[in-house]
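Residue numbers (UniProt numbering), protein chains in the order written: chain A, 1 to 399; chain B, 1 to 235.
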C-alpha cells in the first residue's frame, strides 16, 4: 500500500496504489488486472459536485487507461500467481485535490510514479501450494515496468495559430482544442488524442511530438531522481512520506514536537465536578396497566382544542403528576361541567396544584385570577380509584 | 509531580474508586500544520498528528443552491472523503459531528443565504482521526477568513482496560481500549462543543477524560496561535 501526494505546479493529487489477489478475467487467464480510478474531489474546484462531473471524469479515466494499460507499460504477465485462478489486481486510486488545469498530465505522472514506487507482497508457488509472505517476512517486490509513458497536453488557440504547452485552468477554458500526446523517454508515442474539433496540419502534430519528447525526457529524469532519493532515505531509515513533504522553511507551515500533558490533577477536578453536580432527575416511568393489553407511561400534552371559551373549575386535588392521565376523548364528555367565566366576580382558587395561573382580561373589568381544571372520572375496568387530571388553559384575552 | 501522584493514589484507595493512577506520561504526538497549500479553495490546511494527517479545503461564503439556502444564516456543509473506497455511513456520521461543531462557532448570521463548504480528505489514519479532522477544519476555516466566534480543537482520549487514560491514541491503543472518547472544545473558555464516545466508562471517568482533554486543548490552542503568529509575522 502506498500513498503519495504529488503536486505539479499547483495541481495536486493524492494517490493510493493497492493490490489484492483475485481470480483473473476469463479471457485473460494468465494476466493480472490493472484498475485505475480517478476521482475529482470537491476540494479541487467548486464546480465538482458529486453528480455533475461525469463527462469530464469519463474522458479523463478513459485517457488514463489508454495511456497506461494499453501501452503495456506494466508487465501484466508477471502479476499472475496461479494461471487461471489467482492473479494480482493492482488498483490505482487518484484523488484530485486542486484543479489548476491539465489534469491528465498530472494524473499520468502521478500514476506512473506511484506504480514505480509501489511494492507488492512476495509470493512463492511450490507445486500446488501458494505462500503469500507478509512485508515483515520478506521484502515486498516492485512491479516490473517496461517504460514510463507520460502525457503532455497542448492547447490550441485561434484555429491552430497559437500553441500552449501545459495549459492552466484559465487557458483551458478559452482554448479552441486540445492535443494530448503520451510518450515515453524512448520517443515512442503511446497514445495520442485530439479533441475540441480543431483541424491540425501534419507538421503541427509533428512539432508537438518533438516538444513532447523533450518534455518527457525532463520529467522522466525528475521522477528517477525523486525515486532514488526516496529509496536512499528509506534505506537509511529516515522519515519519508507525506509528513515530510511539509516544508520547514515555509512561513505557512509550523511544527511542534511531542508534548507531554500534565494530567495529574484530572482526578480531583473530575471528583469536584461530580460532587457539585446535581443528581440526575428522578425519572419515574412506571407503566400503568389500564386493561390487559393497554398500558400507559407518562403524560401526554394538553389537548387545547375546544378549550378556548369553556373552562371548568373543580375543587378537587389533582392526583400525582407522574401517574398516567386520561386519554383525550374522555375530556369531551366533561364539557358539561364547565361553568361560565364571565360571571365570576372574585378570583377563585380551585386547588393548590402547581399549574400556571390563567388570567382573563376584560376591557372593563379587573383582571381576575382564575385557575381552572377539567376533571373527569376515570373509567377503567375494575380500577378502584378515579384519576383526575388538571388541564391548563392558555392565557386568553376575552375582548 | 511526585506529591500529587501519591495523593491521587491515596484518594484512590480510600475512596475505593475503581480508577487506577493515570500515567503521568500522557502526551500529544508530534503536530504539524500547513496552511494555504491549495490554490483553488478559499482556505486550505493540512494537519498532522503523529502519522495521522488530514487535508481540509474550505469554499465560502459562496453561492448556495436555492433548495439548500437558509434565509438568515449561512448553510454549512462538510464533506469527508475517506482514504480508500467510497464514503459510507461512518463518514456521514463524522461529517455530521464536524458540521455541528462548526455551526456552533461559525458566525453564519453574517452571511445569510450563502454556503460554506468544508471538504476533508483523509491522507493517512493512524489513530484519533476525528480530532485531526476537527483541527484541520478549524485551521482551514481560519485560512479562509470565515468569521468565527471562537476557535475549536479536537482531542481524543482512550481508556484502556485498567482505567489508564491515554491522550491522542494510536490505532493500536484505540483498538485495545475499553472506551474511546473524542471531544471538541472551544478556545474562549475551553467549554465542550461536541462529544462522541464509544465503549464503556463510568461518569467519573468521563469527567476525568474531559478534564484531561481541556488540559490538552490548551496545548493545541497554543500551537494554533504560534502557527498563525508565524504566518502573519513580518520578520
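C-beta: ideal position from N, C-alpha, C; glycine also.
>> Do residue 67/A and residue 191/A count as a contact pair if the criterion is CB distance below 7 angstroms?
In response: yes
Point to revise | Three-way DSSP call (helix, strand, coil) for residue 64/B in this model | key: coil
Check: For the segment 25-43 of chain B, which residues have a beta carbon sitting closer than 8 angstroms to at least one beta carbon of chain A?
Finding: 25, 26, 27, 28, 29, 30, 31, 32, 33, 34, 35, 36, 37, 38, 39, 40 and 41
State the Cα-Cα distance for the pair residue 178/B and residue 63/A, rounded to the nearest angstrom. 49 angstroms
### Query
If you draw a straight line from the alpha carbon of residue 23/A to that of residue 97/A, how long is it in whole angstroms?
33 angstroms
Margin query: Could you check whether the Cβ of residue 219/B sits closer than 7 angstroms to any Cβ belonging to chain A?
Written below: yes
Problem set entry | Length at least 3, wholly inside the UniProt domain "Exoribonuclease phosphorolytic" (151-215) of chain B: the beta strand (DSSP E) runs in chain order | 152-159, 165-167, 179-186 and 192-199
task = Would you list the one or two residues that DSSP bridges to residue 183/A?
result = 150/A and 189/A
| query | Where does residue 236/B land, buried or exposed, given buried means 16+ other C-beta within 10 angstroms? | reply | With chain B running from 1 to 235 in the structure shown, residue 236/B is simply not present.
message: Just to make sure I have the definition right: I need the residues of chain B whose C-beta is within less than 8 angstroms of the C-beta of residue 93/A. Which are they?
response: 84
| task | Report yes or no: is there a C-beta of chain B within less than 7 angstroms of the C-beta of residue 19/A? | result | no
Would you mind reading off the limits of the alpha helix (DSSP H) that contains residue 135/B?
129-144
| message | For a minimum of 4 consecutive residues, which ranges assigned as the alpha helix (DSSP H) are wholly contained in the UniProt domain "Exoribonuclease phosphorolytic" (16-121) of chain A? | response | 54-65 and 103-117
Of the choices 222/A, 87/A, 196/A and 108/A, whose alpha-carbon is the least far from that of residue 12/A? 108/A
- Residue of 171/B, 157/B, 54/B and 28/B minimising C-alpha distance to residue 138/B: 54/B
Worksheet item: Nearest-angstrom Cα distance between residue 44/B and residue 277/A?
Response: 41 angstroms
Cβ of residue 86/A less than 7 angstroms from any chain B Cβ?
no
Handout entry: Stretch-stretch touch, CB-based, cutoff 8 angstroms, three pairs: the segment 137-151 of chain A with the segment 167-174 of chain A
Key = no
On the DSSP bridge assignment, give the partners of residue 165/A in chain order.
154/A
Q | Assigned exposure category for residue 105/B - 16 Cβ within 10 Å defines buried | A | buried
Counting along the chain, where does the beta strand (DSSP E) carrying residue 277/A start and finish? No beta strand (DSSP E) contains residue 277/A, which DSSP labels as neither H nor E.
Near residue 19/B, which residues of its chain fall below 6 angstroms by C-beta distance, leaving aside the five closest residues on each side in sequence?
Below a pLDDT of 50, predicted positions are generally treated as unreliable, and residue 19/B, at 37, falls in that range; no measurement from the model is reported.
By the criterion of Cβ-Cβ separation under 8 angstroms, what are the contact partners of residue 154/A in chain B? Result: empty, since nearest Cβ-Cβ is about 23 angstroms, beyond 8 angstroms.
**Q.** Interface partners of residue 226/B on chain A, CB under 9 angstroms
**A.** 254 and 256
Original post:
Since residue 33/B sits in a beta bridge, which residues does DSSP pair it with?
Top reply: 254/A and 47/B
Practice item. List the residues of chain A whose Cβ lies closer than 7 angstroms to the Cβ of residue 57/B, in chain order. Key: 43
What in chain A is Cβ-close to residue 99/B, meaning under 9 angstroms? Within chain A, no residue comes near residue 99/B; the closest Cβ sits about 15 angstroms away, beyond 9 angstroms.
Beta-carbon within less than 8 angstroms of residue 91/B's beta-carbon, same chain only, minus the 5 sequence neighbours each way: which residues are those? 80, 81 and 82
Item to complete: Using a threshold of 7 angstroms, state whether the C-beta atoms of residue 150/B and residue 28/B are closer than that.
Response: no
Looking at chain B, is there any beta carbon in it that lies within less than 7 angstroms of the beta carbon of residue 99/A? yes
Under 7 angstroms, Cβ to Cβ, is there at least one residue of chain A near residue 94/B? no
Subject >> Interface partners of residue 269/A on chain B, CB under 7 angstroms >> reply: 211
TODO: May I have the straight-line CA-CA distance separating residue 49/B from residue 208/A, to the nearest angstrom?
DONE: 46 angstroms
Spatially closest choice to residue 194/A from 203/A, 232/A and 153/A, by CA coordinates
153/A
Margin query: Taking the beta strand (DSSP E) that residue 121/B belongs to, which residues open and close that run?
Written below: 115-124
Between residue 58/B and residue 118/B, is the Cβ-Cβ spacing less than 7 angstroms?
yes
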